[in-house]
Amino acid sequence: MKDLTFSNAYGNDFIETWSDLVTFLKKPLITAINGYALGGGCELAMMGDILYAGPKAVFGQPEIKLGVIPGAGGSQRLTKAIGKSRAMETILTGDNISAKQAGEWGLVAKVFDTPEATVDGAIATAEKIAGFSQIAVKAAKEVVNKSQELGIREGVEYERRVFHGLFGSQDQKIGMAAFAAKAKPEWKNE
């Protein structure tokens, strides 16, 4: 990258495809981090929908030390996750964020005690999500992601439209009938 020029980077959309790949993924993406997630690694981790950290996880955007800034959405995702002031401090100083801080600041959903528990936690969450209607899961991911783009009023209206739309699915009928019968739903994903 040290020899990359502006015209080559801009003209060839350097990093864009990599960043867009996760943005368009319709299934939930759970990331489990238990080591260094710095620069592009931090940006990649933050592309996840649910972030889990092990005790040795370290996050950071040290690009300032290289004379550049995050280039794959790091400044945007970090700011949305931990707020402007903390993101500013992290990006402008190049300082790292410990697993404990990441949990306290809301960068990660959970911090686990061991690396094994981190992976096990991610797998357990994935299995739990996989047991629900995949139409509802896709809709839930969509409305939560939209909340990052829309104001509260527009977001609630969008959520309501998607909620109403789910009443046209077979899974809504299956789920509500199973709830009323105190039975486990057998999803058709339709």
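Numbering (the working numbering), first residue to last: 1 to 190.
Ideal Cβ placement from N, Cα and C applies to all residues, glycine included.
Because the structure is a prediction, the values reported are computed rather than measured.
Secondary structure at S98: strand, using DSSP grouped into helix, strand and coil. In the DSSP assignment, F59 is bridged to A37, I97. In the DSSP assignment, L51 falls within the beta strand (DSSP E) that extends over 50–53. Secondary structure of A32 (DSSP, three-state): strand.
Contact annotation, D171 with I135: C-beta distance approximately 5 Å; criterion of less than 8 Å satisfied.
With respect to the 8 Å criterion, I91 and W105 are not classified as neighbours on the basis of their beta carbons. Minimum Cα-Cα distance from N34 among the listed residues T93, R153, V108, K128 corresponds to V108.
DSSP places T125 in the uninterrupted alpha helix (DSSP H) bounded by 115–130. Annotation for G48: L29, I30, T31 place their beta carbon closer than 7 Å to its own, counting only its chain and skipping 5 residues before and after. Three or more pairs of CB atoms, one per stretch, sit closer than 8 Å, so the region 112–127 contacts the region 50–59. In this structure, the straight-line span from the alpha carbon of G94 to that of M46 is close to 17 Å. Within a 10 Å sphere around the beta-carbon of S133 sit 16 or more other beta-carbons, which makes this residue buried.
I174 places its beta carbon less than 8 Å from that of K188. With fewer than 16 other CB atoms across the displayed protein chains lying within 10 angstroms of its CB, A130 is exposed. Annotated as distal: P62 and G40, with beta-carbon spacing of 8 Å or more. In this structure, DSSP gives V143 a helical state, which the three-state scheme calls helix.
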